[in-house]
Structures are given as C-alpha cells and as structure tokens.
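What follows is a single structure, written as structure tokens, with notes after it.
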Amino acid sequence: MRKFLAIAVCKLGRAVGKLIGKGSSLPGKFALKICPDILRRVELPQHIIAVTGSNGKTSTVEMIAAVLRADGKTVVYNEEGSNQIEGVATLVLTHASLGGRVRADVLLIESDERYAAHTFQFFHPTEFVITNLYRDQLTRNGHPEWVYDSILPALHPDTELILNADDPLSSCFARGREKVKWFGLDRCSVSTDAPTGVYHDGAYCPVCHAPMEYGYVHYNHIGAYRCTKCGHKKPATDYTVTAVDLENAVVTVDGGVEIALAFRSIYNIYNILAAYAACRECGVPSETAAAVLSRYLLKNGRMQTFRLGAHHGTLLTSKHENSIAYDTNLRYIAASEKDCVVLVIVDAVSRKYFTSETSWLWDIDFGQLGAPQVKRVVLAGRYCNDLAERFSYTDLENWSVEPDVAAAAAELKSSGDEELFVVTCFSDRDKILSRVEREA
Amino acid sequence: MDVRIIHFYPGLMDLYGSRANVLALKRYLERLDCGVAVEEVLPGGGADISRGDFFYMGAGTERAARAAMEDFARYAEPLKAAAQDCAAMFFAGTAMDLAGKTIKEADGSSYEGLGLAAYTTQHGKRRIVGDVYGRTDLYPEAVVGFMNKCGVVTGVETPLLTGLDLGFGNEKERGPEGFHWKNVFASQLTGPLLVKNPKLLETVAAAIYARRGKTLPVDRPVDRWAQAAYAVTEEQLRARAK
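Protein chains in written order, with the working numbering: chain A, 36 to 475; chain B, 3 to 244.
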C-alpha cells in the first residue's frame with residue numbers, strides 16, 4: 036500500500052510541478068518519506084546506466100540517451116539534472132506503473148558524485164560511467180580524493196565500470212575489480228609532452244604518492260601517466276580515440292570509426308568517447324553510435340551563440356570553482372583564429388548557496404589568454420577585484436575591470452566588432468544572456 | 003635586504019591556490035626592494051633550514067599531508083630551533099595539522115606531526131566547509147577566509163584568530179582558529195589567505211623584517227586589487243555574520 040501511495044503521490048506531484056514549472060526533486064522527496072525503500076521495491080529495466088564524475092556528466096548522459104533512442108530503445112533519464120536521490124526517485128516513479136514497473140528499456144541516471152552511494156543503496160547500475168575526478172566545488176566537495184572516497188561505496192561488485200583511462204585518480208576505481216572497460220585517447224594532435232596548467236594534480240601517484248611521469252598529456256594532468264614506484268599507470272583502452280583532427284573537426288575511434296565534432300573541444304571529445312563506450316557496452320552498433328554522435332549539438336545550453344552590437348558572441352559556460360572547466364574553455368579561446376575580446380564574469384560564486392570563496396581563481400591558467408588574437412579581456416561582477424588580483428600575477432596587460440555586468444555589456448555593445456567570448460558559470464550567465472540577441 | 007623563502011612540497015601540498023601565498027609574499031617583498039629567492043623543497047630533496055627567512059607549506063589532501071609528513075619529519079629539530087629563534091613560518095590548511103603534535107586519522111590510525119606546538123588534529127568523516135569571518139589580536143581589521151577541512155584541532159592555546167563571527171574554528175563553530183606563536187602562523191583556512199587578507203600579508207612580512215632587526219618602511223606597497231577584493235568580501239561576510 037505504501038508503495039502504491041508513494042508512486043501515486045510522486046506522479047501527482049510531478050504533474051503539478053510541471054504545470055508550475057517546478058518539481059523535479061520534490062515529488063521524489065515526498066515519495067521517499069512515504070516509502071523510504073521505494074527504489075528497492077520497484078521493477079527496474081534490464082539496463083541501468085549511471086554516469087558520475089566532476090565534469091561532463093550532463094553532456095555524456097544526454098548523448099547516451101540520444102544514441103540509445105536512435106537504436107530503438109526506450110530510455111528514461113533525469114533530463115532536468117536533478118541528480119541526487121530525490122531527483123532519481125522522481126525520475127523512476129514518474130515512469131513507473133502504479134504497480135511499480137518502470138516502463139523503459141534503459142534507466143539512465145546522471146548521479147551527483149558526492150551522493151552516488153546514497154542513491155544506489157537500494158539498487159545498483161549495470162553499467163557505471165565515471166567521467167573524471169577533478170578539483171570542483173570545493174565549497175561542498177572538499178577535494179577530489181574526498182569525492183573518490185564518497186563514490187567508492189556506490190560501486191556494486193556486479194556493476195561494470197566504464198572508466199577514463201587517462202585520469203590517474205578515477206582510474207583507481209578499477210583496483211581489485213574485474214568488470215571494467217576503459218576509454219581514453221592515444222597520443223594525438225592535441226597532446227603535449229608534459230602536464231599543463233598552474234597546478235599539477237598528476238605530480239604524485241594517487242595510490243602511493245610517489246612521483247609520476249607522463250608519456251603524453253591531453254590537458255592538465257589527463258594523459259599517459261605512470262607511477263615511478265608502484266606501477267599505477269594508464270591501462271590499455273577498450274574504446275580509444277586514435278586520431279584527432281581539430282582543423283577538420285573529426286575524431287577517429289578505434290582506428291576506423293569517424294565522428295564529426297560540433298564543438299572542437301577536448302572536453303567534448305572525452306564526453307563523446309564516454310557516451311560511445313557506454314552505448315557500445317549496451318550493444319549499440321558502432322555505426323549507429325557514430326551517426327548520432329557526429330555533429331551532435333548539446334541541448335543543455337552550455338555553449339550558446341549570440342550577437343551583442345557588432346560582436347558575434349559565444350558563451351562558454353564554465354563552472355565556477357572548477358579550474359579545469361575554465362582551463363578547457365580558455366584553451367578553446369586560445370586556439371581560435373579570429374581577433375576576439377573576452378568577458379569573464381564572477382558575480383555569484385554559486386547559484387545554490389552563498390559563499391565569497393574565490394581561492395579557485397588561483398587554480399585557473401588565465402595566462403592562456405596571452406594569445407595574440409585576444410585583443411582585450413574585461414573582468415566583471417562582484418568578484419571582479421579578485422579576478423583582477425589574479426590577472427595581476429599573469430603576464431597579461433590587456434585587461435580592464437568593470438564591476439557592473441550590465442555596464443560591461445553596454446560598453447562592449449558600443450565598441451568593436453571582434454568575436455566575443457563570455458566565460459562564466461550557470462550562476463551568472465543569464466546576467467549577460469539577458470542583454471544579448473541569442474541566435475537560434 | 004635579501005630574503006630566502008623555503009616552500010615545502012609545492013606539488014604535493016597545493017590545494018586551491020595555496021602557492022599564491024608565496025607569490026603574494028614574494029611580490030610584496032620585492033616591492034619593498036628586497037631580493038627574494040624561493041627554494042622549493044621536494045620529498046626526498048633537501049633544505050638548509052639555517053638559510054631560510056620564511057618557511058611555508060600549503061594545503062593538501064589528508065593523504066597527501068600524511069605522505070608529506072613522512073619526509074617533513076626530518077626537518078623537525080631545525081625548524082623548531084628556527085621557530086624558537088623567531089623565524090617566520092606559515093602553515094596553511096592541512097599543513098597546520100602537520101605543525102602540531104599528533105594527527106589522528108578517521109580510520110583510527112595516527113602519526114606524529116612536527117611538534118612545533120602541542121595541539122592534536124582528529125580527522126573525521128564529515129567535511130567542514132564554509133566562509134569564515136574572524137578577529138585576530140595582531141591588527142584591528144577582520145580576517146576573511148574559507149574553511150574546508152575534516153579535522154578538529156584541540157589543544158591550541160594561542161590561536162591566530164581569537165574569535166569568529168562566522169564559520170568553524172579549530173574545534174567548534176565560531177571558536178578560535180589557527181595557531182600563532184612568536185613568528186609561526188598557522189591556519190586551516192583554505193587557499194591564498196595572504197592574498198585575501200592584505201593586512202595579514204603585511205604582518206608576515208613584518209615578522210620577516212623583525213627577525214633581521216628591522217621594521218617595515220612607513221611607505222609600504224598597496225595592492226589596490228587585493229584591497230578592493232578584501233573590502234567586498236569583508237562586507238559580504240560581515241553582513242552574513244549578522
């Protein structure tokens with residue numbers, strides 16, 4: 036009876052929530068109050084794919100869903116991003132019959148990395164994709180090893196792990212396990228010989244803390260690592276990007292499958308590869324996966340184009356408190372060819388909680404904006420002075436400060452016609468998007 | 003004046019902009035016309051403590067801190083002697099734990115710290131995170147920062163921050179935070195504390211000068227961006243504390 040009631044309340048709450056534009060986690064919260072183990076009592080699909088990690092969860096999940104659907108599978112997933120247990124409960128129960136049977140071939144779950152163990156206490160995924168573990172949201176996550184320890188209890192022995200071979204920390208999840216598939220990039224056109232960035236989280240082995248060496252690096256500390264003491268190293272990969280041609284925006288997977296890139300970012304390549312690996316593990320033919328992933332345009336709005344005065348603009352959503360997200364987008368700007376201006380906004384550090392914490396700015400390699408086509412950089416928002424202080428420790432000289440985002444936008448609108456890149460977070464992006472003409 | 007900064011384990015103990023404390027101090031001293039050399043000490047490397055004017059270690063993960071301590075232990079006696087001789091030192095984040103007597107891990111194991119002070123850190127399974135707004139006896143201005151730790155520190159008799167209006171201190175909410183004795187400064191607050199608090203940066207520089215029998219010049223460098231950033235954060239956190 037409690038099971039039936041929990042499902043009914045969740046469905047009703049979801050329906051009402053949709054009418055008022057809210058409610059992707061609240062209905063599940065109510066359901067869990069009525070029946071705390073409801074997620075154990077429902078009949079779940081044969082395939083349950085979970086995706087977690089510091090970066091790329093939402094994009095990877097969206098692409099997995101698109102591929103699986105193209106392969107004829109019915110997929111339910113938390114599109115609205117509610118990725119803690121309440122959101123997962125809403126997702127599952129909304130798509131369940133009143134008897135508790137989830138009507139789908141695949142249940143696909145984006146899971147918050149800190150709360151994965153909580154979410155998967157009542158059931159476990161058949162496949163678990165872990166994209167990476169980086170410094171991210173220190174104001175709630177502590178640090179990457181702390182998050183690693185949080186995820187570990189979520190990994191059931193029967194679950195197949197799909198891991199990033201190039202990440203020295205998240206690859207440790209494979210220790211002592213047999214059911215592991217690896218994805219990663221061979222040395223390719225984007226590789227460097229040594230780690231990049233202003234700090235080096237791959238300097239020491241996550242297993243024994245001895246110094247590590249790198250054969251090549253794709254970005255920051257992600258690449259072919261090898262511990263000089265305990266032998267922890269990049270494993271052989273099952274799904275591999277064997278060539279990257281950024282000029283023609285195409286990657287080659289496993290030596291023969293070509294996937295065209297809608298967005299020429301190393302991040303995008305990893306997300307595509309993670310999605311490809313997960314779908315292949317679910318039996319999707321490589322041709323189907325490649326066809327869907329080719330030129331796949333993400334619907335999550337993390338990259339948007341617009342016009343501001345004579346500027347053509349691109350918003351590069353970069354999570355505050357996540358230096359690698361920033362570094363990757365700055366790398367994208369540094370690799371662009373046209374003259375450009377860059378607007379960096381830090382106004383609200385988080386959209387979810389209050390904090391004035393800006394230590395993470397010191398982990399970002401803003402020096403990448405020293406590329407000759409970057410004509411000037413404008414620093415805006417409440418924490419523009421913290422940005423300015425950080426910039427004062429770089430070699431950059433072509434930057435200015437405008438605390439008010441609206442004033443910064445107005446100034447940019449009235450001057451220049453270069454490409455405009457806006458680098459900011461979800462918490463701040465509407466402050467600029469509300470002042471531009473968005474492109475379709 | 004020539005100043006030698008000895009920076010312990012910059013690759014291992016470098017969470018969340020910890021190295022910025024060294025950058026800020028170096029630039030401040032250089033603007034005072036000091037010649038500044040920074041010597042980075044790696045695990046297994048070596049350092050002549052007697053040649054140092056300022057000793058620094060930043061924050062690391064709990065596991066990194068334990069690994070660092072395996073090497074750091076051999077500097078215990080010369081660093082204690084230097085501290086007794088009023089050498090300036092700053093231990094940030096988990097490095098503060100290492101300056102104390104004992105570190106007890108969440109799994110029940112423990113290891114010895116440097117023993118510069120008698121306090122003990124007990125790591126737990128709960129992450130303590132949040133903004134901090136506090137006071138120090140060293141100067142009138144408030145200290146701002148961010149706490150990100152899993153350890154409770156007991157046994158500190160001379161804290162760096164004598165009281166907090168916001169945030170978690172050594173062992174309790176709004177309790178004293180950090181450690182200060184002679185010219186040894188330690189705080190579990192995360193990241194670039196000397197950047198966020200220009201007055202604390204000046205205080206540390208004054209400590210370096212004092213050991214040489216000098217005082218800071220009357221005309222001192224002012225970092226306008228750091229000052230402006232401090233003003234915004236101080237205002238935000240003061241309002242929050244109320």
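Cβ atoms here follow ideal geometry from the backbone N, Cα and C, with glycine treated the same way.
Cutoff 7 Å: residue i Cβ touching any chain B Cβ
i	result
Asn420 of chain A	yes
Gly348 of chain A	no
His178 of chain A	yes
Ala238 of chain A	yes
Thr227 of chain A	no
Tyr234 of chain A	yes
Leu173 of chain A	yes
His244 of chain A	yes
Beta carbon proximity, residue i to chain A, threshold 7 Å
i	result
Ala144 of chain B	no
Tyr133 of chain B	Position check: residue 133 of chain B holds Asp in this sequence, whereas Tyr was assumed. So, interface residue.
Gln238 of chain B	yes
Tyr18 of chain B	yes
Pro194 of chain B	yes
Ala231 of chain B	yes
Arg129 of chain B	yes
Thr235 of chain B	yes
Phe10 of chain B	no
Phe148 of chain B	yes
Option in the options with minimal Cα separation from residue i
i	options	result
Val77 of chain A	A:Cys460, A:His355, A:Phe39, A:Glu114	A:Phe39
Leu332 of chain A	A:Thr161, A:Arg411, A:Ala475	A:Ala475
Gly115 of chain B	B:Pro12, B:Val155, B:Ala89	B:Val155
Glu236 of chain B	B:Asp4, B:Arg222, B:Val134, B:Leu27	B:Val134
Val111 of chain A	A:Ala105, A:Thr125, A:Lys92, A:Val141	A:Val141
Pro219 of chain B	B:Ala90, B:Lys127, B:Ile210	B:Ile210
Tyr388 of chain A	A:Ala189, A:Leu173, A:Asp221, A:Thr277	A:Leu173
Ala50 of chain A	A:Thr129, A:Phe401, A:Pro71, A:Ala360	A:Thr129
His347 of chain A	A:Thr272, A:Lys410, A:Ala105, A:Gly451	A:Gly451
Phe341 of chain A	A:Glu472, A:Trp181, A:Ala43, A:Ala131	A:Glu472
Arg386 of chain A	A:Arg175, A:Asn420, A:Val409, A:Phe456	A:Arg175
Ala309 of chain A	A:Ile83, A:Glu356, A:Asp273, A:His178	A:Asp273
Leu103 of chain A	A:Lys264, A:Ser300, A:Ser321	A:Ser321
Pro438 of chain A	A:Thr93, A:Leu378, A:Glu316, A:Ala369	A:Leu378
Environment of residue i [buried if 16+ CB atoms lie within 10 Å]
i	result
Ile467 of chain A	buried
Lys53 of chain A	exposed
Gln403 of chain A	buried
Asn199 of chain A	buried
Asn214 of chain B	The sequence shown places Arg at residue 214 of chain B, rather than the Asn named in the question. Label assigned to Arg214 of chain B: exposed.
Gln229 of chain B	exposed
Cys375 of chain A	buried
Ala345 of chain A	exposed
Thr227 of chain A	exposed
His191 of chain A	exposed
His393 of chain A	His is not the amino acid found at residue 393 of chain A; the sequence shown has Thr there. Classification of Thr393 of chain A: buried, given that the 10 Å Cβ count is 16 or more.
Val224 of chain B	exposed
Leu47 of chain A	exposed
Asp50 of chain B	exposed
Ser469 of chain A	exposed
Pro477 of chain A	Summary: the structure shown does not reach residue 477 of chain A, with chain A confined to residues 36 through 475, and so no result is reported for it.
Met98 of chain A	buried
Gly88 of chain A	buried
Partners in chain C for residue i, counting only beta-carbon separations shorter than 7 Å
i	result
Arg417 of chain A	Chain labels in this structure do not include chain C; the protein chains are A and B.
Original post:
Which of the residues in the segment 389-406 of chain A, read from start to end, lie with their CB under 8 Å from any CB of chain B?
Top reply: Phe389, Thr390, Ser391, Glu392, Thr393, Ser394, Trp395, Leu396, Trp397, Asp398
**OP:** Spell out a yes or no on whether the segment 69-86 of chain A and the segment 128-135 of chain A are touching, meaning 3 or more CB-CB pairs, one atom from each, closer than 8 Å.
**Re:** yes
**OP:** Residues of the segment 200-229 of chain B with a CB closer than 9 Å to any CB of chain A: list them in chain order, please.
**Re:** Asp225, Arg226, Trp227, Ala228, Gln229
Subject >> Positions along the segment 93-111 of chain B whose CB lies within less than 9 Å of some CB in chain A >> reply: none
Original post:
Given 8 Å as the limit, is there contact between the segment 156-164 of chain B and the segment 138-145 of chain B, that is, 3 or more CB pairs closer than that?
Top reply: yes
Original post:
Taking any Cβ of chain B, which residues in the segment 419-445 of chain A have a Cβ under 7 Å from it, in chain order?
Top reply: Asn420, Asp421, Ala423, Glu424, Ser427, Tyr428
Subject >> At least 3 beta-carbon pairs within less than 8 Å: the segment 413-423 of chain A vs the segment 198-213 of chain A >> reply: no
Subject >> Cβ pair count under 8 Å reaching 3, the segment 99-117 of chain B against the segment 200-210 of chain B >> reply: no
**OP:** Report yes or no: do three or more beta-carbon pairs, one from the segment 453-464 of chain A and one from the segment 23-39 of chain B, lie closer than 8 Å?
**Re:** no
Original post:
Should the segment 150-161 of chain A be called in touch with the segment 115-134 of chain A, which here means at least 3 C-beta pairs below 8 Å?
Top reply: yes
Subject >> Cβ-based contacts, 7 Å cut-off: residues of the segment 58-69 of chain B near chain A >> reply: Thr63, Arg65, Ala66, Ala69
Subject >> Where the segment 12-36 of chain B meets chain A: residues whose CB sits under 7 Å from a CB there >> reply: Gly13, Leu14, Asp16, Leu17, Tyr18, Gly19, Ala22, Leu25
Subject >> Positions along the segment 85-100 of chain A whose CB lies within less than 8 Å of some CB in chain B >> reply: none
Original post:
Does the pairing of the segment 180-191 of chain B with the segment 63-77 of chain B give three or more beta-carbon distances under 8 Å?
Top reply: no
Original post:
Are three or more beta carbon pairs between the segment 181-190 of chain A and the segment 69-83 of chain B nearer than 8 Å?
Top reply: no
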